[in-house]
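Reviewing the structure listed below.
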Ligand code: SF4
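Numbering (my numbering), first residue to last: 576 to 885.
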C-alpha cells in the first residue's frame, strides 16, 4: 500500500480515509492528496476548499474538515508534527483511539493496539466473540483481546501483521484459512462456524427523502450553489434545490444512498426555476475538481449525459 511505512502523516491520512472507504478506492485518493499536499505543513496552510475538493466523492466530509483542523492545531501547538503520545493524539479532532494507536504503533513503534473492521473480524472468529462488532460491549472485548496479544518487542510489525491478516487472509467472504498463520488456534475454524462471526448488524430501516433540483447548463458552465454550513452536504457545491409546481415532470430521477437514508433526486430543466437566482455561479465541468461537491452530482451528470447523448 502506498501509505505503508513510518511516515506519521501518511499513516494518519490513510487511517482516516480507510474509515468508511474501501482500500481500492482510497489508493487513488491518497495518492492525489499527498501529491497536492505532500506534508502536514502543506495541509495546515491549504484553504478548506482545496482540502474538500481533494475529498470530493469520498463522502463523510467531516473527516476532511477534522483532518484540516488537526493539521492547523499541530502547526500551532505541536511544532508542526503529529504528537507522539496516544493521549495527545486522541485530543485532536477526528482522531479516535484506534487511529491514535495506529499512528503510535506504525509510525512511532510504540506498543499500542489498533481496532478496525478487519482486526475485529480476526478476533471475532479467532475467539468466537458474540455480539455486533460495533456495540460498546463487543468493542470492549476486542480491545481486551488485542491488548492481551500485543507483542511489545515489535509493536509496528504486530499491528501491520494484524491489519494485513484481516485484509488479505481473514477476508469477509471466503477467508483463506488454509493460508492463515493462526488457523490452529481459531475457534470458529475448528467448529466450522466462521460464517456466524462477526455477527451481522441488524438492518436499519432506511428513510426515503425526495428533493427537487434544477439543471441549468450554458456555455459558461453548470449553475451550482454553495450549500450552507448546516444540513445535508454542508459547504459543498450542488445544483439549486427548488420548489416545483405539481404539474412539472422531472427530466430524470437519480437515487442516491446515504447512511440510513435513500434520496431520490428529481432533476428538472431550468424552466422549473421560479425564484430568481441570488447565489451560486456557472462552473465549467472541467473546473469541478476545484469545487468540492457530493458524489450525487457526478451521478446526475452521468445520467444527464446518457439522456442527452445524440
Ligand atoms: S483460520 Fe480462517 S477464520 Fe480463523 S482467523 Fe484464520 S482466516 Fe480467519
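The C-beta atom is built at its ideal place from N, Cα and C for all residues, glycine as well.
Where does residue i land, buried or exposed, given buried means 16+ other C-beta within 10 angstroms?
i           : result
residue 821 : exposed
residue 732 : exposed
residue 654 : exposed
residue 743 : exposed
residue 585 : buried
residue 751 : exposed
residue 729 : exposed
residue 886 : Outside the shown range of the chain (576 to 885) lies residue 886, about which nothing can therefore be said.
residue 658 : buried
residue 629 : buried
residue 775 : exposed
residue 695 : buried
residue 708 : buried
residue 740 : buried
For residue i, collect the residues of the same chain with a Cβ closer than 7 Å to its Cβ; drop the 5 residues on either side in sequence, then sort them by chain order.
i           : result
residue 669 : 591, 638, 641, 642, 645
residue 785 : 839, 841
residue 634 : 595, 870
residue 702 : 720, 762
residue 672 : 665
residue 606 : 577
residue 922 : What is shown of the chain runs 576 to 885, which leaves residue 922 out entirely.
residue 667 : 645, 648
residue 684 : 730, 731
residue 831 : 838, 840, 871, 874
residue 806 : none
Between the Cα of residue i and those of the options, spot the shortest distance and give me the residue it belongs to.
i           : options            : result
residue 698 : 686, 687, 713      : 713
residue 681 : 582, 620, 836      : 582
residue 692 : 675, 878, 717, 794 : 717
residue 600 : 587, 615, 577      : 577
residue 676 : 604, 760, 722      : 722
residue 873 : 783, 708, 631      : 631
residue 803 : 738, 768, 783, 854 : 854
residue 835 : 810, 809, 773, 781 : 781
residue 826 : 882, 860, 775, 816 : 882
residue 810 : 624, 603, 793, 695 : 624
residue 604 : 589, 618, 617      : 589
residue 619 : 602, 651, 610      : 651
residue 861 : 695, 817, 794, 816 : 794
residue 792 : 863, 636, 859, 773 : 859
residue 610 : 598, 597, 626      : 626
residue 747 : 773, 735, 724, 617 : 773
residue 558 : 689, 707, 708, 710 : Residue numbering for the chain in the displayed model covers 576 to 885; residue 558 lies beyond these limits and cannot be assessed.
residue 705 : 880, 684, 769, 736 : 769
residue 580 : 700, 736, 805, 715 : 736
residue 760 : 663, 700, 741      : 700
residue 808 : 880, 636, 767, 711 : 636
residue 864 : 817, 608, 602      : 608
Excluding sequence positions up to five away, which residues of its chain have a Cβ less than 6 Å from the Cβ of residue i?
i           : result
residue 812 : 799, 801, 866, 868
residue 621 : 612
State the CB to CB distance for the pair residue i and residue j, rounded to an integer number of angstroms; the pair is presumed to be in contact (CB under 8 Å).
i           : j           : result
residue 844 : residue 790 : 6 Å
residue 758 : residue 764 : 6 Å
residue 796 : residue 754 : Not a contact, Cβ separation roughly 52 Å.
residue 833 : residue 783 : No, residue 833 and residue 783 are not in contact; Cβ-Cβ is about 11 Å, not under 8 Å.
Please list, in chain order, all residues of the same chain as residue i whose beta carbon is under 8 Å from its beta carbon, the five residues on each side excluded.
i           : result
residue 875 : 788, 790, 814, 829, 840, 842
residue 656 : 583, 615, 649
residue 779 : 835
Any heavy atom of the ligand PLP closer than 7 Å to the CB of residue i?
i           : result
residue 750 : No copy of the ligand PLP appears in this structure; the ligands present are the ligand SF4.
Give, in chain order, every unbroken run of the alpha helix (DSSP H) that is at least 4 residues long and sits entirely within the stretch 703 to 785. DSSP assignment within the stretch 703 to 785 yields the following whole alpha helix (DSSP H) runs of 4 residues or more, N-terminal first: 711 to 724, 730 to 739, 762 to 765.
Where in the stretch 615 to 639 do unbroken runs of the alpha helix (DSSP H), each at least 4 residues long, occur, reported from the N-terminal end onward? Whole alpha helix (DSSP H) segments, 4+ residues: 615 to 620, 623 to 630.
At 4 residues or longer, what runs of the alpha helix (DSSP H) sit wholly inside the stretch 649 to 714? Every alpha helix (DSSP H) of 4 residues or more that sits fully in the stretch 649 to 714 is shown, in chain order, as 661 to 665, 672 to 677, 692 to 701.
What runs of the beta strand (DSSP E), each 3 residues or longer, lie entirely inside the stretch 781 to 827? Fully enclosed beta strand (DSSP E) runs of 3 or longer: 782 to 790, 796 to 801.
Tell me the start and end of each unbroken alpha helix (DSSP H) in the stretch 849 to 884 that is at least 4 residues and wholly inside, in chain order. Complete alpha helix (DSSP H) runs here, min 4: 870 to 883.
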